[in-house]
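Residue numbers for the sequence shown follow full-length UniProt numbering, beginning at 1 and rising by one.
Glycine included, each C-beta is placed from N, C-alpha and C at the ideal position.
Just so you know, these numbers come straight off a predicted model, no measurement behind them.
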Amino acid sequence: MNNYRKGIRADLTSTPKSDEGNPFSNRMDKARSIKKLKQALPITPNKRAAVLSAYVDCNRILKSPGVKKFHDSFEESVEKMAIRNIQDVITSVKHKRNGEAKAALNILTSSVSGENISDRKKATKSLANILGVNSRTLQKGKKIRTKVLHSEHSSFLYTTRKTRSDALTERTKRIVHDFWLQSNVSRPTNNKNDIKRVRISPNVYSSHSCYILEKTQTEVFLQFKNEYPDEKIGQRAFEKCKPYFVRTAQFKDKVTCCCRQHVEMRSLLNHVCNFVKDYCPGRKQ
1 MNNYRKGIRA
11 DLTSTPKSDE
21 GNPFSNRMDK
31 ARSIKKLKQA
41 LPITPNKRAA
51 VLSAYVDCNR
61 ILKSPGVKKF
71 HDSFEESVEK
81 MAIRNIQDVI
91 TSVKHKRNGE
101 AKAALNILTS
111 SVSGENISDR
121 KKATKSLANI
131 LGVNSRTLQK
141 GKKIRTKVLH
151 SEHSSFLYTT
161 RKTRSDALTE
171 RTKRIVHDFW
181 LQSNVSRPTN
191 NKNDIKRVRI
201 SPNVYSSHSC
211 YILEKTQTEV
221 FLQFKNEYPD
231 EKIGQRAFEK
241 CKPYFVRTAQ
251 FKDKVTCCCR
261 QHVEMRSLLN
271 HVCNFVKDYC
281 PGRKQ
């Protein structure tokens with residue numbers, strides 16, 4: 001009896017030659033084995049999944065050709081899906097000319113242009129054909145990857161925006177900012193409730209009392225050019241440097257008396273009546 005049991009145990013532990021194909025002799029044999037496995041497993045789904053996962057991850061089971069082939073095919077499918085996703089993104093952005101599309105293309109090409117690929121010319125060409133780009137694009141990605149990984153500032157250097165040749169210096173911005181707040185250019189409102197509030201970061205806000213311009217923005221710019229002739233700045237850039245709490249004057253912001261408003265409206269009415277008399281003689285008054 002003991003020899004019989006040892007023989008059965010040896011047959012179960014040994015790997016049969018037909019493992020590479022179908023280890024079962026017929027479908028009934030397979031059905032009986034699956035039934036026995038279901039009966040031996042725990043009842044709850046979580047425990048069943050844990051037992052099967054632990055059994056498949058066993059070192060002795062991993063050596064089986066069938067299980068190894070399954071793992072290899074799964075890893076290969078994952079790699080193909082990842083390559084296909086990269087292909088889709090590159091196809092959608094490589095023909096665009098905006099800055100975000102170029103940045104995305106540079107990120108993708110630099111991430112796949114590692115030393116394992118870029119050091120071999122045939123591998124670079126094959127990868128370029130798979131991704132749908134030329135080899136020069138991957139070489140450019142390799143240069144970006146090298147600079148990012150081996151520069152002194154690392155990736156921080158390439159996350160900052162490149163400064164334009166005509167960009168304003170911090171000194172000029174400070175001069176323009178202070179000029180907008182001069183007493184002969186703007187003044188605070190008489191209402192203490194006039195507060196301008198802006199969001200500078202998540203859950204962080206900055207508030208300041210509102211300032212009213214005493215003149216138009218063009219007049220302010222011309223005054224600035226007269227006082228600072230050496231500062232080279234255009235009117236649009238000058239207006240962009242205006243503080244966020246400075247705004248143009250509205251009717252409610254003007255400090256005036258009722259007598260002045262009455263005189264202004266009466267003068268305006270007289271001008272309108274004279275215009276009607278001169279250009280519309282047949283019209284009744």
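Here the segment 188-204 makes no contact with the segment 164-178; the two share fewer than three CB pairs at distances below 8 Å. In the structure shown, Ser-111 adopts helical secondary structure according to DSSP, grouped into three states.
Secondary structure of Pro-45 (DSSP, three-state): helix.
Between Ser-209 and Asp-194, the gap from beta carbon to beta carbon is short of 8 Å. Buried is the label assigned to Tyr-211, since at least 16 other Cβ atoms lie within 10 Å of its Cβ.
Counting other Cβ atoms within 10 Å of its Cβ, Ile-233 reaches 16 or more and is therefore classed as buried. For Arg-197, there is no enclosing alpha helix (DSSP H); the residue is part of the beta strand (DSSP E) that begins and ends at 195-201.
Counting the other CB atoms within 10 Å of its CB gives Ser-110 a total of 16 or more, which places it among the buried residues. The same chain holds no residue with a CB closer than 6 Å to that of Glu-100 once the five nearest residues on each side in sequence are set aside. Between the alpha carbons of Val-133 and Ile-90 lies a distance of about 8 Å. Out of Leu-105, Lys-277, Gln-235, Arg-145, the CA that lies nearest to the CA of Gln-87 is found in Leu-105. Going by DSSP, His-150 is part of no beta strand (DSSP E) but of the alpha helix (DSSP H) stretching over 135-150. In this structure, Val-198 and Tyr-244 form a Cβ contact; the two beta carbons are roughly 5 Å apart against a cut-off of 8 Å.
When the Cα atoms are used, Thr-44 and Ser-53 turn out to be separated by approximately 14 Å. Judged by DSSP secondary structure, Leu-213 falls within the beta strand (DSSP E) whose first and last residues are 211-213.
Of the candidates Val-220, Pro-281, Trp-180, the residue whose Cα lies closest to the Cα of Lys-242 is Trp-180.
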